[in-house]
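A.B. asks: Mind looking over this structure? Questions follow.
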Amino acid sequence: MISIIAGKKTIPSTEIKIDEHYKKVIVDLGCGDGKQTYRLAYDNPENFYIGIDANFKGLEEISRKARKKPVKGGLTNVVFVHGVAESLPQELESVADEIQINFPWGSLLEGFINLNDDIWKNIRMIAKNNAELKVITTYDDKFEQEFREERSLPELTISYFEGNFREKLLSYGVKITEVRIISEEEKNEISSPWGKKILSSRDRDVFVINAVVVK
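Residue numbers for the sequence shown follow the UniProt record's numbering, so the first one is 1 and each next one is one higher.
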């Protein structure tokens with residue numbers, strides 16, 4: 001059952017209104033406090049956004065704002081869902097034209113990098129055929145060595161993503177189209193609060209992985 005967050009409560013999934021006039025449905029998986037998702041929805045009214053995060057409380061404020069009248073900041077093209085990537089609601093099957101994962105952390109990061117079967121099956125489940133997958137990720141032993149070792153995470157390199165990682169993703173119908181390290185200029189354009197916090201330590205590589213999900 002899908003749990004749509006509206007302040008401190010949840011509302012029925014029947015209240016999700018995704019009209020055909022929307023150009024794209026974009027899922028922000030692991031959206032944190034939801035502020036970036038809200039901002040994208042505000043700036044791109046032609047698209048419909050679904051922000052998903054495991055932290056219910058963290059989404060209370062922004063979900064309440066999104067439910068207000070438009071003159072008070074309310075938006076009709078965004079909803080926030082309480083959920084984890086390992087077990088996403090079946091109501092989201094084949095809904096996404098695009099899936100974004102921006103600066104994942106904790107179990108989402110671990111599952112993404114270490115190819116957790118449940119997470120990757122759920123990513124495929126919510127994607128439409130030929131949906132775009134866009135990921136921005138980073139960790140660095142200069143700042144997160146203990147975190148990396150505790151979760152048995154590999155060192156992040158271009159060759160890691162273009163090697164066995166790429167080959168294994170094909171079994172989930174995910175075809176990587178691009179792997180690169182973002183520029184300093186691109187780092188300065190990062191708008192998410194969590195991304196900015198991570199990038200306060202500037203001397204680190206940040207990776208972009210773009211892919212297509214084929215079903």
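Glycine is no exception: its CB is placed at the ideal position from the N, C-alpha and C atoms.
What is the DSSP secondary structure of E146, reduced to helix, strand or coil?
C.D. replies: Three-state result, E146: helix.
A.B. asks: Thinking just about the alpha-carbon of each residue, which of V212, K17, E20 and G30 is nearest to the one in R124?
C.D. replies: V212
A.B. asks: List, from N- to C-terminal side, the beta strand (DSSP E) runs of 3 residues or more that fit wholly inside the region 1 to 31.
C.D. replies: 3 to 6, 9 to 11 and 25 to 29
A.B. asks: Inspect the beta-carbon positions of N77 and Y38 and report whether they are closer than 8 Å.
C.D. replies: no
A.B. asks: Residue range of the beta strand (DSSP E) that R180 falls in?
C.D. replies: Looking at the DSSP string, the run of the beta strand (DSSP E) that includes R180 is V174 to I181.
A.B. asks: Does the Cβ of I18 have 16 or more other Cβ atoms within 10 Å, making it buried, or fewer, making it exposed?
C.D. replies: exposed
A.B. asks: Kindly list the residues whose CB is nearer than 6 Å to the CB of L108, restricted to its own chain and excluding five residues on each side of it in sequence; keep chain order.
C.D. replies: G30 and A85
A.B. asks: Assign residue 228 to one of two classes, buried (16 or more other C-beta atoms within 10 Å of its C-beta) or exposed (fewer than that).
C.D. replies: Since the first and last residues shown for the chain are 1 and 215, residue 228 lies out of range.
A.B. asks: What's the gap between the Cα of A74 and the Cα of I4?
C.D. replies: Note that residue 74 corresponds to Gly in the displayed sequence, not to Ala. C-alpha separation (whole angstroms): 15 Å.
A.B. asks: Going by DSSP in three states, S200 sits in which element: helix, strand or coil?
C.D. replies: coil
A.B. asks: Using DSSP's beta-bridge definition, name the partner residues of residue 230.
C.D. replies: Residue 230 falls outside the range modelled here, since the chain spans only 1 to 215, and no answer is possible.
A.B. asks: Based on the DSSP output, what are the partners of E98 in its beta bridges?
C.D. replies: I26 and E132
A.B. asks: On the CB-based measure, 16 or more other CB atoms within 10 Å of its CB, does I158 come out buried or exposed?
C.D. replies: exposed
A.B. asks: For K187, which residues of its own chain have a beta-carbon under 6 Å away from its beta-carbon, when the five flanking residues on both sides are left out?
C.D. replies: L199
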